[in-house]
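Student:
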Amino acid sequence: MPGVMQVEHIQLPAPAPGTQRVLQVVRFGEPGARPKAYLQAALHADELPGLLVQQRLAQLLQAAERDAAITGEIVIVPLANPIGTDQHLFGMHQGRYHQGTALNFNRGYPDLADAIAGQVGERLGADAGANREVIRAAALAHLRNVPPSEHAALKHTLLRLAIDADIVLDLHCDDEAVLHVYLGTPLWPDAQDLPAQLGAPLTLLAQRSGGNPFDEACSGLWWALGQRFPQHPIEPACLASTIELRGERDVSEALAGRDAENLYRFLQRRGLINGDPGAVPALARAALPLEGVAMVASPSAGVVDYARDPGVEVSRGDLLATVSDPLQRDAATARIEVHSPIDGLLYARRGSRLARPGQTLCRVAGREPLPERIGKHLLSD
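Under the numbering used here, think of the first position of the sequence shown as 57, with each following residue one higher.
(1) Take T127 as the anchor and find which of G331, V360 and D437 has the nearest alpha-carbon.
(2) Return the first residue and the last residue of the alpha helix (DSSP H) that I191 is part of.
(3) Measure the C-alpha to C-alpha separation of P91 and L328 and round it to an integer number of angstroms.
(4) In three-state DSSP terms, what is Q118?
(5) Might you give, ordered along the chain, the residues of its own chain that have their beta carbon closer than 6 Å to the beta carbon of V234, omitting 5 neighbours on each side?
(6) Quick check on the DSSP output: what are the complete beta strand (DSSP E) runs of length 3 or more inside the region 339 to 377, in order along the chain?
(7) Specify the secondary structure class of T298 as computed by DSSP and reduced to three states.
(8) Distance check for H207 and F220, CA to CA, integer angstroms please.
(9) Pull up the DSSP beta-bridge partners for S275, would you.
(10) Tell me, please, which residues DSSP counts as bridged to Q240.
(11) State the start and end residues of the unbroken alpha helix (DSSP H) segment that holds R325.
(12) Is the beta carbon of L239 sitting closer than 7 Å to the one on L261?
(13) May I ask which residues mark the beginning and end of the alpha helix (DSSP H) holding L434?
(14) Measuring CB to CB, does A357 end up less than 7 Å from P427?
(15) Residue range of the beta strand (DSSP E) that G140 falls in?
(16) Please state the DSSP three-state secondary structure of T213.
(17) Below 8 Å, can you find three or more Cβ-Cβ pairs linking the region 405 to 423 to the region 141 to 148?
(18) Could you tell me whether the region 114 to 131 touches the region 72 to 85, using the rule of 3 or more Cβ pairs below 8 Å?
(19) Which residues bound the alpha helix (DSSP H) around L254?
(20) Alpha carbon to alpha carbon, what distance is there between Q115 and M57?
(21) CB D437 to CB N160, shorter than 7 Å?
(22) If you draw a straight line from the C-alpha of A296 to the C-alpha of P397, how long is it?
(23) What are the boundary residues of the alpha helix (DSSP H) that includes A388?
(24) Below 8 Å CB to CB, which residues in the same chain sit around A438 once its five sequence neighbours on both sides are set aside?
(25) What does the Cβ neighbour count give for H228, buried or exposed, with the cut at 16 atoms within 10 Å?
(26) With the cut-off set at 7 Å, would you say G140 and G151 are in Cβ contact?
(27) Using the three-state DSSP reduction, which class does F270 fall into: helix, strand or coil?
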């Protein structure tokens, strides 16, 4: 029914007799209305800030719906990964990888461009709007049949809910980090109102980050088909983004309320909700290439003492951390300093203070692509 919040429960295939997990989907606005926005939280189930943000946003949307202010369709999946939410080992929550397959919950989504190219090629024409609808219909048809395994069905179902949306926002967080936003390069600069409204100190751009994460499965479809069929106008019809809501311990009513209000204003500005969102805030800094992120690794095993917090500008050679071997008695060799290899923004660091050799300690975003970062996997697994 239009104008009334709808709650749907989608049962995932049972992983074993006597067990069943359910995906909750909350819908606002009239089904089929445009624009359509899709938001989900905790796809990595141990990344929790987005859960409170979605809850606060849903409360704002309920009020907007009572005032008949929602003009588009807004779909929220409050908890995108009920499988990972239930994964604990010796009392430790482990929600990033599926324990049954060791697969990352935010990697390995279907490459729909390959799947539907043969179906849409002869149906594309000179009208970009008509091409958009042809592609959306083909993608939805391809996702109609749900795989039998619980893990695959979860990914398939989430993608089916989002693939025809104009806006897809996937809420994550890092270990310890400032708020930052990942976007596809073809979406820039049209999408700069998103990080600007969120007050994000950093936006990272990539055409393909590797591994086919959820947001790229939604947005990358469009430029992949555009490259495959250059004779037909195919616009980037889905603004999809992974939003890293600071660090895993940055969970509070104050932060959630602020982030929810900013997302609400962004949706207003994008035509989904009536009302004045106000002027677009100034962007904190120009977007930077994901290929320009230095992954600063630990040179040895040991205990980490960080010298700088996320959010500070660093210069090449600045001290970032010290790694100490607690069994080494020689003061001259017990401590190894770790320095920044580039100028840039220190935006994230590992939460654990126990390091292994080669393990990434910090990430510094620079302005220029780095030779060692050109390749298939720009994001960590």
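A virtual CB, placed ideally from N, CA and C, is assigned to each residue, including glycine. As the structure is a computational prediction, the values presented were derived from the model and not from experiment.
Tutor: To lay it out plainly:
(1) Within the sequence shown, the letter at position 71 stands for residue 127. Looking at the Cα atoms, G331 is the closest of the given residues.
(2) The residue given as residue 191 occupies position 135 in the sequence shown. Where I191 is concerned, the enclosing alpha helix (DSSP H) stretches over A184 to H198.
(3) Numbered from 1 along the sequence shown, position 35 holds the residue referred to as residue 91. Numbered from 1 along the sequence shown, position 272 holds the residue referred to as residue 328. Roughly 6 Å between the two C-alpha positions.
(4) Mapped onto the sequence shown, residue 118 falls at position 62. Correct three-state label for Q118: helix.
(5) Counting from one through the sequence shown, the residue named residue 234 turns up at place 178. Closer than 6 Å at the Cβ level, and outside the excluded window around V234, lie P257, P366, G367 and Y403.
(6) 349 to 353, 358 to 362 and 368 to 370
(7) Here residue 298 is taken as the residue at index 242 of the sequence shown, counted from 1. DSSP places T298 in strand when its eight states are reduced to three.
(8) Taking the sequence shown and counting its residues from 1, the one referred to as residue 220 is at position 164. Taking the sequence shown and counting its residues from 1, the one referred to as residue 207 is at position 151. According to the sequence displayed, residue 220 carries Asp and not Phe. Computed Cα separation, rounded: 22 Å.
(9) The sequence position of residue 275 within the sequence shown is 219, counting from 1. S275 is not bridged to any residue.
(10) Walking along the sequence shown from the start, residue 240 turns up at place 184. Here the sequence assigns Gly to residue 240, which means Gln is not the residue at that position. Per DSSP, A262.
(11) Your numbering for residue 325 matches position 269 in the sequence shown. Looking at the DSSP string, the run of the alpha helix (DSSP H) that includes R325 is E309 to R325.
(12) Counting from 1 along the sequence shown, the entry for residue 239 is found at position 183. Counting from 1 along the sequence shown, the entry for residue 261 is found at position 205. In contact: L239 and L261 (Cβ atoms closer than 7 Å).
(13) For the purposes of this step, residue 434 is identified with residue 378 of the sequence shown, where counting begins at 1. Run containing L434: none; DSSP gives neither H nor E here.
(14) Residue 357 sits at position 301 when you count from the first residue of the sequence shown. Residue 427 sits at position 371 when you count from the first residue of the sequence shown. Against a cut-off of 7 Å, the Cβ pair of P427 and A357 comes out as no contact.
(15) Here residue 140 refers to the residue found at position 84 of the sequence shown. Careful: G140 lies outside any beta strand (DSSP E), inside the alpha helix (DSSP H) at P138 to T141.
(16) The residue you call residue 213 lines up with position 157 of the sequence shown. T213 falls in the helix class under three-state DSSP.
(17) no
(18) yes
(19) Along the sequence shown, read from residue 1 onward, the residue named residue 254 stands at position 198. Unbroken alpha helix (DSSP H) run through L254: D249 to L254.
(20) Counted from its first residue, the sequence shown places residue 57 at position 1. Counted from its first residue, the sequence shown places residue 115 at position 59. Since pLDDT at M57 reaches only 46, below the 50 mark, its modelled position is unreliable, and the value read off the structure follows with that caveat. The straight-line gap from Cα to Cα measures roughly 19 Å.
(21) Counting from one through the sequence shown, the residue named residue 437 turns up at place 381. Counting from one through the sequence shown, the residue named residue 160 turns up at place 104. Their beta carbons are under 7 Å apart, which means D437 touches N160 by this criterion.
(22) For the purposes of this step, residue 296 is identified with residue 240 of the sequence shown, where counting begins at 1. For the purposes of this step, residue 397 is identified with residue 341 of the sequence shown, where counting begins at 1. If you take the alpha carbons of A296 and P397, they lie about 31 Å apart.
(23) Translated into positions along the sequence shown, residue 388 becomes position 332. That run of the alpha helix (DSSP H) goes A387 to A390.
(24) Because the chain here runs from 57 to 437, residue 438 falls outside it and cannot be looked at.
(25) On the sequence shown, residue 228 is found 172 positions in, with the first residue counted as 1. With 16 or more other Cβ atoms within 10 Å, it is buried.
(26) Looking up residue 140 in the sequence shown gives position 84. Looking up residue 151 in the sequence shown gives position 95. A contact, by the Cβ cut-off of 7 Å.
(27) One-based indexing of the sequence shown puts residue 270 at position 214. Helix at F270.
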